[in-house]
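Accompanying notes for the structure given below.
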Amino acid sequence: MKPSRDEAIARYRRHAPGYDASAQRTMWIRERAIGQLGLCAGNRVLDIACGTGLSLSALRTAVGEAGEVIGIELSPDMIGLARDRAREAGWSNVRLLEGSVEDTEIAGTFDAVLFHFTHDVLRSPPALERIFASTRPGARVAFAGMKYPPRWLAPLKLVVRMQARPYMTTLEGLAAPWDLALPYLSDFDWRPALFGTAYIGWGRARSRKSHCADKADT
Numbered sequence: 081m082k083p084s085r086d087e088a089i090a091r092y093r094r095h096a097p098g099y100d101a102s103a104q105r106t107m108w109i110r111e112r113a114i115g116q117l118g119l120c121a122g123n124r125v126l127d128i129a130c131g132t133g134l135s136l137s138a139l140r141t142a143v144g145e146a147g148e149v150i151g152i153e154l155s156p157d158m159i160g161l162a163r164d165r166a167r168e169a170g171w172s173n174v175r176l177l178e179g180s181v182e183d184t185e186i187a188g189t190f191d192a193v194l195f196h197f198t199h200d201v202l203r204s205p206p207a208l209e210r211i212f213a214s215t216r217p218g219a220r221v222a223f224a225g226m227k228y229p230p231r232w233l234a235p236l237k238l239v240v241r242m243q244a245r246p247y248m249t250t251l252e253g254l255a256a257p258w259d260l261a262l263p264y265l266s267d268f269d270w271r272p273a274l275f276g277t278a279y280i281g282w283g284r285a286r287s288r289k290s291h292c293a294d295k296a297d298t
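In case it helps, the working numbering puts the sequence shown at residues 81 to 298.
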């Protein structure tokens, strides 16, 4: 099943008011994923499916006043809360874009990209193509999200499905959520979290030339 934009908007309309509270238990995963970006002052970072903006403060602190944080979010309700957060904090170098990744213009190039609990985006080849077209070669890329556990923990698969359904419109690819992004990456690696029901991954963006060569060979 392909991701559904309309269904995602409807679901996050329900979840937005209590989202920040529900996300607290996995904040350590968010922090570790951001740490994998190795951000420096002056960097330009793209926060995919930025939600209510829970990553914005850490990203902005890492890139400093000379850097820039761009967040993109499909849900009007979620990004509305992110805008409130940025406005109240007075972050002049945080820019938030509302819309689907597939259809939203992403200007400029980025030194880093964060995919934090963005399964629907990771299952959309057009979204990935657009994101990595705006990512400079060698840029650091970090991932985090839910995944199916290894076979020896098979009973937890049902737990993952139950936890994922309210937030994902497709469960396809949960065995390896990052697989469609691999052609765009070099030096990819990942580690399990939460008894194998979640993951943190990282790598570097490949050059467009090498990526296109790989696609031609397939």
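Glycine is no exception: its CB is placed at the ideal position from the N, C-alpha and C atoms.
Residues bridged to residue i [DSSP beta-bridge criterion]
{"i": "threonine 106", "result": "In DSSP, threonine 106 forms no bridge with anything."}
{"i": "glycine 225", "result": "Tyr279"}
{"i": "serine 266", "result": "Arg284"}
{"i": "leucine 177", "result": "Ile152"}
{"i": "histidine 196", "result": "Ala224"}
{"i": "arginine 124", "result": "Glu148"}
Nearest-angstrom beta carbon gap, residue j and residue i [assumed within contact, 8 Å]
{"i": "glutamate 182", "j": "arginine 210", "result": "6 Å"}
{"i": "serine 287", "j": "proline 217", "result": "4 Å"}
{"i": "alanine 113", "j": "glycine 133", "result": "Incorrect: roughly 15 Å between the Cβ atoms, too far for contact."}
Own chain partners of residue i with C-beta closer than 6 Å, once the 5 adjacent residues on each side are dropped
{"i": "aspartate 164", "result": "none"}
{"i": "isoleucine 89", "result": "Ser155"}
{"i": "valine 193", "result": "Leu126, Thr215 and Val221"}
Rounded straight-line distance, which links the Cα of residue j to that of residue i
{"i": "valine 239", "j": "alanine 146", "result": "43 Å"}
{"i": "leucine 208", "j": "leucine 233", "result": "30 Å"}
{"i": "isoleucine 280", "j": "glycine 170", "result": "30 Å"}
{"i": "alanine 273", "j": "leucine 265", "result": "21 Å"}
{"i": "arginine 105", "j": "valine 201", "result": "22 Å"}
{"i": "proline 257", "j": "lysine 227", "result": "7 Å"}
{"i": "threonine 215", "j": "methionine 81", "result": "28 Å"}
{"i": "phenylalanine 195", "j": "lysine 237", "result": "22 Å"}
Own chain residues within Cβ distance below 7 Å of residue i, not counting five before or after
{"i": "valine 149", "result": "Val125, Asp127, Leu136, Leu139, Arg140, Val143, Asn173 and Val174"}
{"i": "proline 206", "result": "Glu182"}
Short CB-CB distance (under 9 Å) between residue i and chain D
{"i": "serine 135", "result": "No chain D appears in the structure shown, which is made up of a single protein chain."}
**Contact the segment 83–102 vs the segment 245–253: 3+ CB pairs below 8 Å** = yes
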